[in-house]
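Below is one structure; the comments refer to it alone.
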Amino acid sequence: MIRFEHVAKRYPGGVQALSDVNFELERGEMAFLTGHSGAGKSTLLRLIAVLERPSRGQVLFDGKNIGRVSSRQIPKLRRKVGVIFQDHKLLTDRKVLDNVALPLLIAGFSWSEIRRRVRAALDLVGLLDKENTLIPALSGGQQQRVGIARAMIAKPPVLLADEPTGNLDPELSEELMRLFCTLNELGTTVLIATHDLDLVERLGRRTLVLESGCMVDDRNAGSIGADNSEGANS
Amino acid sequence: MSRMSGANRGDLRAWARRHGYSLLSSVGTLIRNPITSALTISVLAIALTLPLGLNTALVNLEAVHDNLDRLDSISVFLDVDVDEGGARRAGSRLSNWRNILAVDPVSPDAGMRELAGASGLDRFDVGDVPLPWVLEVTPNSSVDIAELAQRLRRAQQVDMVIVDLDWVRRLDAILGVFSRLVVLLAVLFAASVLFVISNNIRTEIQRRREEIEILALVGATPGYIRRPFLYSGLWMGLGGALLAWLAVHAGLWMLTGPVESLAATYGASAELVAPPLEMLAGMLAGSGALGIFGAWIAVSRQLARINP
Chain A
2 MIRFEHVAKR YPGGVQALSD VNFELERGEM AFLTGHSGAG KSTLLRLIAV
52 LERPSRGQVL FDGKNIGRVS SRQIPKLRRK VGVIFQDHKL LTDRKVLDNV
102 ALPLLIAGFS WSEIRRRVRA ALDLVGLLDK ENTLIPALSG GQQQRVGIAR
152 AMIAKPPVLL ADEPTGNLDP ELSEELMRLF CTLNELGTTV LIATHDLDLV
202 ERLGRRTLVL ESGCMVDDRN AGSIGADNSE GANS
Chain B
27 MSRMSGANRG DLRAWARRHG YSLLSSVGTL IRNPITSALT ISVLAIALTL
77 PLGLNTALVN LEAVHDNLDR LDSISVFLDV DVDEGGARRA GSRLSNWRNI
127 LAVDPVSPDA GMRELAGASG LDRFDVGDVP LPWVLEVTPN SSVDIAELAQ
177 RLRRAQQVDM VIVDLDWVRR LDAILGVFSR LVVLLAVLFA ASVLFVISNN
227 IRTEIQRRRE EIEILALVGA TPGYIRRPFL YSGLWMGLGG ALLAWLAVHA
277 GLWMLTGPVE SLAATYGASA ELVAPPLEML AGMLAGSGAL GIFGAWIAVS
327 RQLARINP
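Those protein sequences? They're chains A and B, same order as listed.
For the first sequence, our numbering assigns the number 2 to the initial residue and increments by one for each residue that follows.
For the second sequence, our numbering assigns the number 27 to the initial residue and increments by one for each residue that follows.
Here's what the structure looks like:
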């Protein structure tokens with residue numbers, strides 16, 4: 002589904018975010034991406050969502066080199082990837098409903114269908130009663146969950162999350178991870194960047210470890226060893 | 027086949043819905059910022075009122091000018107010793123000329139009264155100087171007046187021929203200057219409409235940078251992002267044109283009284299001509315198109331900056 006081949010990313014100004022990254026994420030897989038802050042986790046996610054283009058190497062999405070697609074095709078690709086941002090990226094002057102509805106508005110769904118789906122998504126993240134609340138009236142954790150509802154509402158095949166549990170207490174984090182697992186069981190490919198190692202360990206999923214721009218470890222932790230991928234021994 | 031057309035219908039419906047959402051969103055933005063919107067539309071209206079008002083003034087002056095064309099007549103003063111019968115015979119003789127449309131004999135008494143009336147005096151005492159009969163000759167519209175006047179001068183019993191065309195020509199020239207001025211102003215103010223709208227949209231985009239970025243992040247196409255702004259530009263253009271139209275009408279309404287008094291002093295009645303409805307349609311279309319164009323410029327520049 003997603004495959005990195007010798008990917009490097011250098012930002013203008015000389016910051017080398019990624020040096021030489023190789024890995025593959027199978028369709029329907031769920032993995033964690035860990036590493037210190039500044040290790041390049043966010044950059045890696047941004048490359049998958051075509052928010053950045055690689056300086057070197059290839060990022061393949063469904064076999065297509067998305068680092069090279071024309072800018073006309075970028076919107077189409079982004080609709081296949083639901084992204085949960087660390088800083089939420091919500092429209093602060095709108096209601097929860099309008100924020101979550103955004104991907105469906107873009108796709109041109111009917112308003113009744115949008116209402117129905119938004120309610121279902123908000124129910125899933127436990128914010129059904131906040132439908133008409135303005136974003137600033139929500140806590141950080143609630144805003145995070147609005148972001149998750151928005152990312153999954155259009156049912157994209159891939160879900161990326163950048164520190165989704167950063168603002169949440171352990172109980173909520175746990176709940177959220179269960180939500181990701183549920184979505185994954187329904188067939189969504191999930192990649193979560195986090196430094197919450199306890200959580201990663203408890204869930205026992207495949208874990209990719211970045212260190213100063215390089216993939217230093219790729220382990221299929223614990224009991225679920227069946228979905229071993231080819232990048233595991235590199 | 028039927029499945030394909032069904033899919034197309036679905037696409038069309040989604041497309042229509044996207045447009046509907048953009049339209050609503052643009053109206054929402056205008057309503058959420060009532061003062062900014064009102065100010066912008068007022069500025070546009072003023073910019074459009076000037077050329078439209080001047081054009082209306084021109085149209086009305088041209089109407090006056092057309093009336094004056096009837097005064098393009100030639101006054102033929104007969105010899106003083108020609109009596110009424112002689113004058114009428116001379117008149118009917120002249121009216122047979124190919125270049126002459128009509129001949130209107132004016133008696134010395136009538137001429138006197140007209141002169142007195144025009145000068146504002148009850149009586150105009152010229153003493154014992156005898157006044158001649160005058161033939162007011164209306165030439166055919168296509169005729170060379172100077173040449174005709176020359177021929178009239180050579181005719182029998184004619185003492186003097188007066189052609190007072192200078193001021194008509196002068197008015198003509200002034201109107202020519204005016205209409206060129208209208209064109210210049212229209213171009214200038216059309217440009218200002220473009221700049222006002224694109225500047226307004228630019229600030230609006232600055233304000234909504236975050237929103238544009240988020241839309242791009244969740245997969246909105248540039249077209250989708252651009253659309254609400256284009257609608258905003260359209261609304262501003264239309265609003266400005268409509269307000270300018272109303273302003274010109276209000277101006278005409280306010281001028282009606284004074285103009286009628288002015289016309290009355292010339293013993294004429296004047297009716298101000300409002301700009302035709304086609305012009306409103308043209309202005310709405312033009313201003314709306316300028317609005318969309320201005321918004322397009324502003325948004326495209328901004329979008330290029332946001333997308334990697």
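Glycine included, C-beta positions come from ideal geometry on N, C-alpha and C.
Predicted model only: the values in this text are computed from it and were never measured.
DSSP three-state assignment for residue i, whether helix, strand or coil
i, result
"glutamate 162/B", "strand"
"phenylalanine 86/A", "coil"
"alanine 40/B", "helix"
"glutamine 59/A", "strand"
"asparagine 185/A", "helix"
"threonine 75/B", "helix"
"glutamate 25/A", "strand"
"valine 187/B", "strand"
"methionine 13/A", "According to the sequence provided, residue 13/A is proline. The question's methionine does not apply to it. Note: proline 13/A maps to coil in three-state DSSP."
"asparagine 133/A", "coil"
"histidine 45/B", "helix"
"arginine 206/A", "coil"
"arginine 42/A", "The amino acid at residue 42/A is misidentified as arginine; the sequence shows lysine. Residue state, collapsed to three classes: helix."
"isoleucine 67/A", "coil"
"glutamate 212/A", "strand"
"serine 133/B", "coil"
"glutamate 175/A", "helix"
"methionine 2/A", "coil"
"serine 20/A", "strand"
"alanine 7/A", "Reading off the sequence shown, one finds histidine at residue 7/A, where the question assumed alanine. If DSSP states are grouped into helix, strand and coil, histidine 7/A belongs with the strands."
"asparagine 122/B", "coil"
Interface residues of chain B facing residue i [CB-CB closer than 8 Å]
i, result
"valine 97/A", "Residues of chain B passing the Cβ test: none, with the nearest at roughly 14 Å."
"leucine 19/A", "What leucine 19/A touches in chain B: nothing, since even the nearest Cβ is about 15 Å away."
Straight-line Cα distance separating residue j from residue i
i, j, result
"methionine 265/B", "alanine 71/B", "Reading off the sequence shown, one finds glycine at residue 265/B, where the question assumed methionine. Taking the straight line from one Cα to the other gives about 8 Å."
"glutamate 239/B", "tryptophan 279/B", "49 Å"
"leucine 200/A", "proline 171/A", "9 Å"
"leucine 135/A", "arginine 58/B", "15 Å"
"alanine 324/B", "arginine 146/A", "34 Å"
"leucine 160/A", "alanine 152/A", "7 Å"
"leucine 316/B", "valine 69/B", "15 Å"
"valine 16/A", "leucine 26/A", "26 Å"
"valine 299/B", "leucine 105/A", "53 Å"
"asparagine 23/A", "leucine 243/B", "25 Å"
"aspartate 94/A", "glycine 148/A", "15 Å"
"lysine 96/A", "glutamate 132/A", "7 Å"
"alanine 175/B", "alanine 289/B", "31 Å"
"leucine 201/B", "proline 302/B", "19 Å"
"arginine 11/A", "alanine 18/A", "6 Å"
"valine 53/B", "serine 56/A", "42 Å"
"threonine 166/A", "methionine 178/A", "9 Å"
"glycine 141/A", "leucine 204/A", "24 Å"
"glutamate 6/A", "aspartate 21/A", "8 Å"
"valine 203/B", "proline 13/A", "58 Å"
Same chain only: Cβ atoms within 6 Å of residue i, ignoring 5 sequence neighbours per side
i, result
"leucine 49/B", "Tyr257"
"valine 160/B", "Ser101, Phe103, Val132 and Gly137"
"alanine 150/A", "Val101, Ala122, Leu123 and Val126"
"arginine 220/A", "Thr208"
Chain A residues whose Cβ lies nearer than 7 Å to that of residue i
i, result
"tyrosine 250/B", "Ile107"
"tyrosine 343/B", "Outside the displayed range of chain B (27 to 334) lies residue 343/B, so it cannot be described from this structure."
"glutamate 237/B", "Leu92"
"leucine 240/B", "Correcting the residue type first, residue 240/B is isoleucine in the shown sequence and not leucine. Neighbours of isoleucine 240/B on chain A, chain order: Lys90 and Leu92."
Within chain B, the residues that residue i reaches when beta carbons sit closer than 7 Å
i, result
"arginine 80/A", "Gly245"
"proline 76/A", "Gly245, Ala246 and Thr247"
Same chain, Cβ closer than 8 Å to residue i, five either side skipped, listed in chain order
i, result
"alanine 40/A", "Leu211, Glu212, Ser213 and Gly214"
"valine 219/B", "Leu70, Ala73, Leu74, Gly263, Gly266, Ser313, Leu316, Gly317 and Gly320"
"threonine 35/A", "Lys42, Ala194, Thr195, His196, Leu198, Val201, Thr208, Leu209, Val210 and Leu211"
"arginine 120/A", "Leu129 and Glu132"
"serine 174/A", "Thr166, Asp197 and Leu200"
Contacts around residue i, its chain only, beta-carbon distance under 7 Å, and the 5 residues preceding and following it disregarded
i, result
"alanine 50/A", "Arg79, Val82, Val84 and Leu161"
"proline 336/B", "Residue 336/B falls outside the range modelled here, since chain B spans only 27 to 334, and no answer is possible."
Neighbouring residues, chain B, relative to residue i (Cβ below 9 Å)
i, result
"valine 84/A", "Leu243 and Val244"
8 Å Cβ cut-off: residues of chain A touching residue i
i, result
"alanine 40/B", "Ala108, Gly109 and Phe110"
Contact list for residue i against chain A, beta-carbon separation under 9 Å
i, result
"arginine 327/B", "By Cβ distance, chain A contributes nothing, its closest Cβ being about 15 Å from arginine 327/B, past 9 Å."
Exercise for review: Check whether the region 208-221 of chain A touches the region 55-62 of chain A, counting contact only when three or more Cβ pairs, one atom from each stretch, lie closer than 8 Å.
Suggested key: no
Review point. Is the region 183-194 of chain A touching the region 27-42 of chain A, taking contact as three or more C-beta pairs under 8 Å?
Key: yes
Check your understanding: Any contact of the region 104-123 of chain B with the region 227-243 of chain B, i.e. 3+ C-beta pairs under 8 Å?
Key -> Verdict: no, contact absent.
Point to revise | Cβ contact (3+ pairs, closer than 8 Å) linking the region 247-257 of chain B and the region 80-90 of chain B | key: no
Check your understanding: Taking contact to mean at least 3 C-beta pairs separated by less than 8 Å, is the region 179-189 of chain B in contact with the region 103-113 of chain B?
Key -> yes
Check your understanding: Is it a yes or a no for the region 37-48 of chain B touching the region 105-117 of chain A, going by three-plus beta-carbon pairs under 8 Å?
Key -> yes
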